[in-house]
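Since the structure comes first, as structure tokens, the remarks are kept for the end.
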Amino acid sequence: MLPVQAVARQPATVTIDVETCKGCVLCVDVCPPHVLVMSEDVNRMGYRYPILLDGCTGCELCFKICPDYCFEVYRGAEDAAPLAN
Amino acid sequence: MLPVQAVARQPATVTIDVETCKGCVLCVDVCPPHVLVMSEDVNRMGYRYPILLDGCTGCELCFKICPDYCFEVYRGAEDAAPLAN
Amino acid sequence: MTGIGGQGIQLIAKLLAQAGIREGRQVMMFGIFMGMIRGGSSESTVVIADQEIVAPPIVPDVWGVLAMHPEGLPALARKVRPGGVLVLNSSLVVSPPAWDGVRRIAVPATELAKEMGQVMAASMIALGAFAGATGLVAVESLQEALGDVLPPHRRKLIDTNRHCIRKGAEYVAQRDMGASVPA
Amino acid sequence: MTGIGGQGIQLIAKLLAQAGIREGRQVMMFGIFMGMIRGGSSESTVVIADQEIVAPPIVPDVWGVLAMHPEGLPALARKVRPGGVLVLNSSLVVSPPAWDGVRRIAVPATELAKEMGQVMAASMIALGAFAGATGLVAVESLQEALGDVLPPHRRKLIDTNRHCIRKGAEYVAQRDMGASVPA
Amino acid sequence: MPTRVLMEGSHAIAEAAIQAGCRFYAGYPITPSTEILEYMSHRLPQVGGVCMNAESEIEAINMVWGAAGCGVRAMIASTGQGISLMQESLAELANAQLPCVVVNMMRGQGDYYQATRGGGHGDYRHIVLAPSTVQEAVDLVMLAFHLADKWRNPVDVLGDFILGHTSEAVEFKPLDERDLPPKTWAATGARNRASHNVTPLGAPQKLNLNPGDHYAAIAAKYPEIARAERRVESGLLDDAELVVVAFGSPARFVKYAIRVCRERGMKVGWVRPISLWPFPDETVREATGRARLVAVFEQNAGQMIDDVRLAILGGVPVVPIGGISHDHSGFGVGPALEPAHIVARITEAYQGKAAA
Amino acid sequence: MPTRVLMEGSHAIAEAAIQAGCRFYAGYPITPSTEILEYMSHRLPQVGGVCMNAESEIEAINMVWGAAGCGVRAMIASTGQGISLMQESLAELANAQLPCVVVNMMRGQGDYYQATRGGGHGDYRHIVLAPSTVQEAVDLVMLAFHLADKWRNPVDVLGDFILGHTSEAVEFKPLDERDLPPKTWAATGARNRASHNVTPLGAPQKLNLNPGDHYAAIAAKYPEIARAERRVESGLLDDAELVVVAFGSPARFVKYAIRVCRERGMKVGWVRPISLWPFPDETVREATGRARLVAVFEQNAGQMIDDVRLAILGGVPVVPIGGISHDHSGFGVGPALEPAHIVARITEAYQGKAAA
Amino acid sequence: MSTPLKKVSAKPELLLSTQHHLCPGCGEPLAMRTILEIITELGMRDRTICVCGIGCYTAFPGIIDVDVLQALHGRAPSVATGAKRVLPDRFVFTLQGDGDMVSEGLQEIVHSAARAEKFTAVLLNNGVFGETGGHMTTTSVLGQRTKTTMDTGRVAEKHGYPIKIADLLAQVDGAVYVARGAMHTPSAIAWTRRILTEAFRAQLEGKGFSFVEILTMCPTDWYVEPSETPDWIEQNFTGTYPLKILKAPA
Amino acid sequence: MSTPLKKVSAKPELLLSTQHHLCPGCGEPLAMRTILEIITELGMRDRTICVCGIGCYTAFPGIIDVDVLQALHGRAPSVATGAKRVLPDRFVFTLQGDGDMVSEGLQEIVHSAARAEKFTAVLLNNGVFGETGGHMTTTSVLGQRTKTTMDTGRVAEKHGYPIKIADLLAQVDGAVYVARGAMHTPSAIAWTRRILTEAFRAQLEGKGFSFVEILTMCPTDWYVEPSETPDWIEQNFTGTYPLKILKAPA
Ligand SMILES: Cc1ncc(C[n+]2csc(CCOP(=O)(O)OP(=O)(O)O)c2C)c(N)n1
Ligand SMILES: Cc1ncc(C[n+]2csc(CCOP(=O)(O)OP(=O)(O)O)c2C)c(N)n1
Ligand code: SF4
Ligand code: SF4
Ligand code: SF4
Ligand code: SF4
Ligand code: SF4
Ligand code: SF4
Ligand SMILES: [Mg+2]
Ligand SMILES: [Mg+2]
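Protein chains in written order, with the numbering used here: chain W, 2 to 86; chain L, 2 to 86; chain Z, 9 to 191; chain A, 9 to 191; chain X, 2 to 357; chain D, 2 to 357; chain F, 455 to 704; chain P, 455 to 704.
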């Protein structure tokens, strides 16, 4: 299998569509710098959702593992080409 | 595959139910001493059938290959145990 | 036409029908055969007429019967019209039925075929005899129709079959068993 | 009882029904849920009576509603009888309907459950509140029925659930929102 | 099993089968019949029976064929799609004269034709029983096994989503079955007897190559069943000007609606066919003695109405007051089942506003 | 193809399909439909079409599903058993609104119910056409493709062993089909357009999650078809005291028998439904205007007779004069088809000796 | 002849009649005989249940002296499953053709093998639907002319490749014995008798699913004379379908 | 942050809506995304026909922006055959679950592979009938607890062995590309993206039948939390179903 390396490049961030989130926590588990934590609050469906702390590297792993298409990932312009894999 | 040897032992003979014979000639083709030949006549279904000439060894190959169960094989009493295979 | 599977009943029926078409007549044909291939009876009905055909495929009565084998013959007894013809393969139909007012024409088709080295061509011989005996279609029409009905992989047998048809027709001609079709 | 898949609606309905049986009453229950497992609405009707039940499984009107989620609530508007009760999970049903003559009892079940570290036990809390508020069955009957309805692999959760049921009942008791069943 | 237990319809059907001696079940999951499979997978091994998680409906019904052919009581359940897949087997099981019980937990009631007219090829018939409550489902499943053995023919039980998902307290009352002959025809290995050929192809006797006799014998059986096995329930017919005919779960709603209509002074009664084949045509005909109108409530585009009309043959007008009714679930729990809606439809018909 | 050629029914049906633009065929051998497959395997490639030797009936019908879903005219043929296996697909093809032609070369006429009442689950309908001669088979197959596209619904052609194995001279007369709309709904890759969802599950529009609308639209289509597509032939009705109703090949025998009966002085006429669904109930009803009795000849235990009775609703008595008739072949060419037998049955009915 | 002669071989005891409708030179009656002889040999007549498919061999259920469950086309493995599961001490075997097993009912046989059903499945492989008149099946070999591949023979591009079902089943956990024989020569028949016996023994010992494929001659649909069929098998069949044991219990 | 940020990843272009009813932590939406992204990448949107089976993934036909032929349960390969044969220049792929493909429709996929049909078949294998509530399928692994193997887990003696469909298909002549991926970790996803691309390419190059199995998480019916599913896959699935390429064109 191909190894997938977390790409650590700052500055970067993600947006999270918390209303479609189903609280599966998969994103939190894969985030290499552990900058995602689950909320205390619940969304309209009654699920907790992830909150982004500082330190996102824009590695896209959360994006890749989220079954509910909640993430968009933003990176500094110089790195903005989508990651190849 | 197991080799099957024609067992050559005299005296022996076969009976042929010529009315159920469908004339396929398979028995004639396998008979080692070539003592089966096809008739000129046809049976009630319109098929030629085999006729036994002298020299049957009782090898049972005709019996084994006949799709219409036409043969019975007879051998001298000392050899009368069914051939093992 | 009646016989058992493998005798080529359906083929000769088709040949007869096609010969009718070649002669510009109205034709209807219906074949039935057990299991479509193997032993068991095989039967085919051919209606050839100069006007429109009103009879259904299983006809109420028949005028000519071609029997290659005894199987199936008894069932036809009720249907044969007086004045009709029964052409039979006397090699296999050893005790043919006697039907009132029906002319019986015995052709040892299987034996004749054997003599020609073509056991399986018995039906062609019988068909030739049938045409010869009844004049329902011309023997030439049958011979021409062969090319229309034989499947591609059997085309090589056209000549043999033509020969067999002729042979059957000659057999009845020699014995003066011919007759014309009823009005 | 209405909510969405995964909230445990069918389970608490069964619990309520079983509690009714334990009390020797006549019970009929009917559950409907989209796709049987996943999101989408989930609804269950429980009829508990002292005489024979004549109503069909989809009842013409209801007296008590337990709403875990806003989905499915509007459809119930027509059915709720004046004098009835609506127990709702105020954590998720943020703008509850106002139905004429229907008493509204808001229980922040999801939040309470969260406080107890058991988000998924919200429905048990709500059920406890429903029983407490209506007196339809005794809270003790519910707690006892738990053993009858939990699947084997969830038995370990009996105690937690008992606790949640109690918690819900206490919530309404403390706020004096209880009431008795109509005649 | 204790005397009266709260069970949901699906589980009650499964338990009833087991109590009737069913020792083989094969099924493939499909809503709303899946719970029967779930229950069987757990319970059958406990009584020494076999539950097969078959890989498809066709494999399932043919496993049932094998078990039934060996003389074992066997059942299968599915819903529309799955039952459709089994049609070749269901038709030929009747030709093979194999007793078994086929449960169709319908989505709605659209499979009436399929069940009663033979969704499969040819002229076969299954006995079709349509329970209306969970208790009746229990009773009819038990009866189904009995009738299947009695007539050597498959018996269908036609339930639906509502029946399967309604829980009620039920009781299991085994039938007296001492009159049933032993299954001497089964394929069990020919110990101390002639060998058998258990076949749908019409030559069950060895060396008997006349399939016609066999088919004729089967064909002769159906009119007999038709005479013997009609079952029906009715009520409030004495003075009824309008008779509503309905079957299965919806009949339960209809009964309730009729009670409401009576309270409002309408002279309405009801007939509920319990056996859909044979259809209780005499009762339906007689029920219309005083009536001026017959209304048929069924959750489909109009299927049983054919049998009602065939029973009445123009004696009085017959109007449909049911229909396909769709909701989000697709499982047949549509708005047309609302008691208020049924009351309205009956009232309309009573007042002469329904279209024939 | 020359203008009039001698062809056996099966081949004529296949050729008619090709001339109607059929470019996909999938089949599995089964007597008496096999000859259609044989012909197609040879002919379709010659016209750039595809003939699949499918490994089973279920695979065959779903290959047809795929081709039809891409907008290509597609056909399948089989007989009873095979058609039974396809029931799930046949029902859902109607829900997916996929036009295709399904030929059932029956053994006898036992599949009338299956074809007209939906052997599958639910409330779908196929248009069912029943040719009586080889020429009519050709014409109806061509029409079938047209109607399938017109209504976006499967159309069945119900033939039988006799039709398949009768050879007659036929002519192929293509229809004018310019009124047919293009198949803009097909799945062909969403080039320059929004993407499609061709589905039986009731949500053909992307993002439309209300299957109810879809099913309602389909349900509304059937009464329209029923009004528009009734086809029937009749004869000698003017003074007929007895009307015989028959369909398919046997109707040909019946017509002949009626000619014989007329010659013997009986006032008998006939009605031959060509479309079995929709059933030409009005014609049947009108045909009984003067008649005192209607007799139904069908080669089964009594199936179409339901539709005849439903059409007449007790107006005059309806009696069966057909029946299952077995012979050694099992293919439905039994003694009941003998013209003399039919004449006898009609005479009996005419003289009032038939049992209702 | 001076010594009195004794009958050493005759029609199988378990055959009620020697008359059948199969074609001249057909290989299927040979396979049937071999099976019946082994059943007699192992003394299993009165605990045998034969589950028969639909093809030319359906001629046999009416003339063999063991209990038969006649299955629909393709369904024999499921029927056998039902039978063996409710009567686990009986000897259950299926008899299917290539059309029945590898075309119509492929999934039944693979699933049964995977479920480790303890019956023996016998395949009579002649590479055609014989009964319906000789059409291509899943096992027809490349190049084979059949009624539905008449113009070109079987061509991979159009008709796909033959499925070697024995090879496939040997891959399936649950199958314990898988072997292939044939009926075209006396030695092939003897070989087949051996593997059938081994397969039946595997069942009797409760080891799991056992399978024997038997290549049978179909002169009618191969368009050759019966006497040409042994060569036909060697030239067209045994390359794709070599006679061997593909899997056996350790 | 000083540099302006640019969006580098977002929901797939070919997804009309991100809302679906699948459970929290379900692996199927991940597989769907991967497929859609490759279709976009290869520029095939307007010649793609997706043939969808019936299972939880049937949530997608209504929200993906490519043409879909919705097939009945188990039948997708035959529907795809019909489609690809009449429109050979389109890109056709099937989407089926293990219940759909390896249980209900096993024979369709094996036959299609043997016929060398030139579409790509994608299997979403979660070892359960998810949609109906989590029952044993043919691919459930030994020991797996499902709603119909609740008391004992899957036991070979009673329930048989799992079918390794990829291994089986790799044996079939006609299949040119066969590989297995998974969705439980980002690296498994990347691997799956690679094999899917190769499979699609094999189709586009007209090489024959191509097949990709994808192990997808089903926390609901495995009775674990979503965050436990990656471990569950490693412990229970990849032993029986290792991620690898089983067959590739030379
Ligand atoms: C469901 C179904 N489809 C088709 C048939 C028609 N049919 C009868 S026998 C047969 C072919 C059998 O082929 P095979 O199993 O290879 O046996 P063979 O005749 O070659 O010995 C077919 C297709 C049938 N009886 N049932
Ligand atoms: C013929 C038929 N049988 C059964 C069903 C019921 N059914 C719907 S989805 C499904 C399970 C699908 O399982 P799988 O393909 O593994 O998909 P998953 O839900 O696990 O993703 C079943 C059995 C059906 N729709 N059609
Ligand atoms: S892109 Fe996602 S996974 Fe990567 S660091 Fe940022 S939040 Fe974490
Ligand atoms: S992976 Fe997606 S659905 Fe799961 S918790 Fe994170 S944002 Fe929510
Ligand atoms: S037993 Fe048969 S094969 Fe052997 S020698 Fe005698 S006739 Fe020939
Ligand atoms: S093998 Fe049998 S059927 Fe064939 S010719 Fe010899 S005796 Fe006759
Ligand atoms: S068609 Fe072939 S398999 Fe069938 S009986 Fe004839 S030779 Fe045997
Ligand atoms: S049941 Fe399993 S496969 Fe289905 S949506 Fe839920 S997690 Fe996904
Ligand atoms: Mg074969
Ligand atoms: Mg799955």
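Glycine included, C-beta positions come from ideal geometry on N, C-alpha and C.
When beta bridges are read from the DSSP output, threonine 548 of chain P appears opposite P/Val505 and P/Ala575. In the DSSP assignment, leucine 19 of chain A falls within the alpha helix (DSSP H) that extends over 17-30.
For tryptophan 66 of chain X, the enclosing alpha helix (DSSP H) has its first and last residue at 58-70.
Per the C-alpha coordinates, the member of A/Leu165, A/Val157, A/Cys172 and A/Met124 positioned closest to valine 147 of chain A is A/Cys172.
The beta carbon of glutamine 473 of chain P falls within 7 Å of a beta carbon belonging to chain W, placing the residue at that interface. Interface criterion not met: the Cβ of glycine 660 of chain F is under 7 Å from no Cβ in chain X. With contacts defined by Cβ atoms closer than 7 Å, leucine 130 of chain X and valine 158 of chain X form a contacting pair. Distances from the alpha-carbon of lysine 601 of chain P to those of X/Arg44, X/Ala195 and X/Gly111 put X/Arg44 closest. Tryptophan 676 of chain F sits in a helix when the DSSP states are folded into three classes. Under the Cβ criterion of 7 Å, isoleucine 325 of chain D is counted among the residues facing chain X.
Taking 7 Å as the cut-off, the Cβ atoms of asparagine 579 of chain P and aspartate 552 of chain P count as close. In the three-state scheme derived from DSSP, where H, G and I count as helix and E and B as strand, threonine 58 of chain L is classed as coil.
Just measuring C-alpha positions, the residue of Z/Gly176, Z/Val110 and Z/Met185 sitting nearest alanine 129 of chain Z is Z/Gly176. Contact between the region 51-66 of chain A and the region 254-265 of chain X is present: three or more C-beta pairs spanning the two stretches fall below 8 Å.
When the five nearest sequence neighbours on each side are left out, the beta carbons in the same chain lying within less than 7 Å of the beta carbon of cysteine 67 of chain L are those of Leu27 and Cys28, in order along the chain. In this chain, the alpha helix (DSSP H) harbouring phenylalanine 254 of chain X covers 249-264. A contact between stretches requires three or more CB pairs, one per stretch, nearer than 8 Å, and the region 586-605 of chain F meets this requirement with the region 681-701 of chain F. The beta carbon of cysteine 71 of chain L sits closer than 6 Å to those of Ile17, Asp18, Thr21 and Cys22, all from its chain and outside the five residues before and after it, given in chain order. Residue pairing from DSSP places histidine 589 of chain F in a beta bridge opposite F/Phe583.
Taking the beta carbon of glutamate 562 of chain F as reference, the chain X residues within 7 Å of it are Glu60, listed in sequence order. The three-state reading of DSSP puts tryptophan 186 of chain D in coil, since its state is none of H, G, I, E or B. By the criterion of a C-beta distance shorter than 8 Å, histidine 327 of chain X is surrounded in its chain by Gly335, once the five residues flanking it on both sides are discounted.
Nearest in C-alpha terms to lysine 572 of chain P, of all of P/Gln524, P/Gly628 and P/Val582, is P/Gly628.
Counting only Cβ-Cβ distances below 9 Å, phenylalanine 280 of chain X has no contacts in chain F at all, with the closest Cβ about 29 Å away. With a threshold of 7 Å between beta carbons, aspartate 177 of chain X makes no contact with chain D. Closest by C-alpha distance to arginine 76 of chain L, out of F/Pro640, F/Pro458 and F/Ser664, is F/Pro458.
Among the residues facing chain X, proline 78 of chain A is not included, as its CB has no counterpart in that chain under 7 Å away. With fewer than 16 neighbouring CB atoms inside 10 Å of its own CB, aspartate 239 of chain X falls in the exposed class.
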